[in-house]
Amino acid sequence: MPKHILIVDDSKTVRNLVAFIMKKEGFKVTTAEDGLDGLEKLYSLSHVDLIVSDVNMPRMDGLTFIKTVREQAAYRDIPIVVLSTEGQDKDIQTGLTVGANLYMIKPAQPEKLVRNVKMLLG
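Just so you know, the sequence shown maps onto residues 1 to 122 in the UniProt record's numbering.
So this is what it looks like as structure tokens:
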């Protein structure tokens with residue numbers, strides 16, 4: 001059964017690009033437009049193996065989304081990759097502090113993204 005990845009990003013272009021890359025690698029993909037949509041999708045799916053999330057999004061930003069996911073026992077161990085344009089050390093530190101396993105800066109190179117996702121799912 002293919003691993004299921006939830007992609008949370010307010011940019012349709014980024015969502016489609018990351019979804020395309022992951023589907024090409026054989027992953028099952030669900031996309032969400034922001035943190036609130038991401039939570040709704042997460043709760044409605046029977047199983048998610050990994051989350052890729054942006055930081056800057058309307059309604060609920062990525063950091064709040066990650067914190068909310070991490071506060072729930074059922075989702076505490078899902079690997080989370082942040083994919084953001086915010087690339088300063090303090091941004092990266094904040095992302096990792098709230099519970100991301102990995103912080104990548106946009107635009108992500110497809111090979112590197114795939115390699116990191118596979119490593120986290122390893």
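C-beta atoms are modelled at their ideal positions from N, C-alpha and C, and glycine is treated no differently.
Compare the C-alpha of A73 against each of K118, T31, M22 and Y43 and name the closest. Along the sequence shown, one-based indexing puts residue 73 at 73. Checking every option, the nearest Cα to that of A73 belongs to Y43.
Got a sec? Which residues, its chain only, sit under 6 Å from G26 by beta carbon, not counting five neighbours each side? Reading the sequence shown from its first residue, position 26 is the one you call residue 26. Counting only Cβ-Cβ distances below 6 Å, and skipping sequence neighbours, we find P2.
Quick one: grab the DSSP three-state call for I78. To locate residue 78, count along the sequence shown from 1; it is residue 78. Coil, per DSSP.
Span separating the alpha-carbon of S84 from that of E111: Residue mapping note: residue 84 aligns to position 84 of the sequence shown, counting from 1. Residue mapping note: residue 111 aligns to position 111 of the sequence shown, counting from 1. Approximately 17 Å between the Cα atoms of the pair.
Closer than 8 Å by C-beta to L120: which residues in its own chain qualify, once you throw out the five before and the five after it? Chain order, please. The sequence position of residue 120 within the sequence shown is 120, counting from 1. These residues qualify, in order along the chain: L50, P79, V81, N101 and L102.
DSSP bridge partner residues for H4 (one or two, in chain order): Walking along the sequence shown from the start, residue 4 turns up at place 4. Its beta-bridge partners are K28.
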